[in-house]
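A.B. asks: Residue numbers (the numbering used here): 897 to 1076.
Note that beta-carbon positions come from the ideal geometry of N, C-alpha and C, so glycine has one too.
Let me give you the structure first, and then I'll get to my questions.
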Amino acid sequence: MADSSRITPASQLIVDTVEVRRHTGTRRPFVAAAQFPDLVAGEFAVVDGRIDVDLVIEAVTEGVSATGYLRGRWTGPCRRCLDPIERPLEVEVQEIFERQPTEGETWPIEDERIDLAPVIRESALLALPLVPLCGDDCVGPEPERFPANVEVDVDLSAEEPPPDPRWAALDELRFDDGDQ
Ligand SMILES: [Zn+2]
897 MADSSRITPA SQLIVDTVEV RRHTGTRRPF VAAAQFPDLV AGEFAVVDGR IDVDLVIEAV
957 TEGVSATGYL RGRWTGPCRR CLDPIERPLE VEVQEIFERQ PTEGETWPIE DERIDLAPVI
1017 RESALLALPL VPLCGDDCVG PEPERFPANV EVDVDLSAEE PPPDPRWAAL DELRFDDGDQ
């Protein structure tokens, strides 16, 4: 766990990769309690912009990888009753940094350093929920007028089972008998 008394501003999430890249397979843990000023998407936000970063920086063929977890808490309204919700946020990170990054796929190594801030920011924002519920049984503010679930009430016993071709053949025999 990161030491919660020491907050690392987002601007200081830069890692020098010289040591790590000296030998492929070298692993360096990066653990920090990071704070972002703007982890907000619409009505949803990371509480206090606070993300606990628990990553391992490792030299790989392409350059450097950052793998591990980001943890925090998010807040936002329930999509049915609009009550505020606060829940844990956990994101798994698996990202690659290289000198010649591919737009939208990998991140840059610049001056032998990588900046984890944009990676963490993007991963955390993408992990914010789109349509959360305060609870699975939330019925919304006016359940009478706006039922959350329209019950599909299918009475299976009223349905004819699909005809079995073998019995269909027998039915035909019965018709021939003139029963119906
Ligand atoms: Zn609700």
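1. Where does the unbroken alpha helix (DSSP H) through I1016 begin, and where does it stop?
2. Could you say which of G1000, T922 and C1034 lies nearest to V960 if we only look at CA atoms?
3. How big is the Cα-Cα spacing for P980 and Q990?
4. Run through DSSP, which three-state label would Q908 get?
5. Determine the closest residue to G1031 out of L966, C974 and E1008, with distance taken between C-alpha atoms.
6. What did DSSP end up calling G1074 once you bin it into helix, strand or coil?
7. Could you check the C-alpha separation between R1009 and T913 for me, to the nearest Å?
8. Any chance the CB of D979 is under 7 Å from a heavy atom of ligand 1?
9. Cβ atoms of E1018 and I1005: under 8 Å apart, would you say?
10. What are the residues that DSSP puts in a beta bridge with G945?
11. Please report the straight-line C-alpha distance between R1084 and L1022, rounded to a whole angstrom.
12. Would you mind stating whether A930 and V949 have Cβ atoms separated by less than 8 Å?
13. Can you check which of these residues, L985, R918, G972 and L909, is closest to F926 by C-alpha distance?
C.D. replies: Once the coordinates are examined:
1. A1013 to A1023
2. T922
3. 31 Å
4. helix
5. C974
6. With a pLDDT of 48 at G1074, under the threshold of 50, the modelled position of this residue cannot be trusted, and the question is left open.
7. 5 Å
8. yes
9. Contact flag unset, no.
10. Bridge partners of G945: none, in fact.
11. Outside the displayed span of the chain (897 to 1076) sits residue 1084, for which this structure offers no information.
12. yes
13. L909
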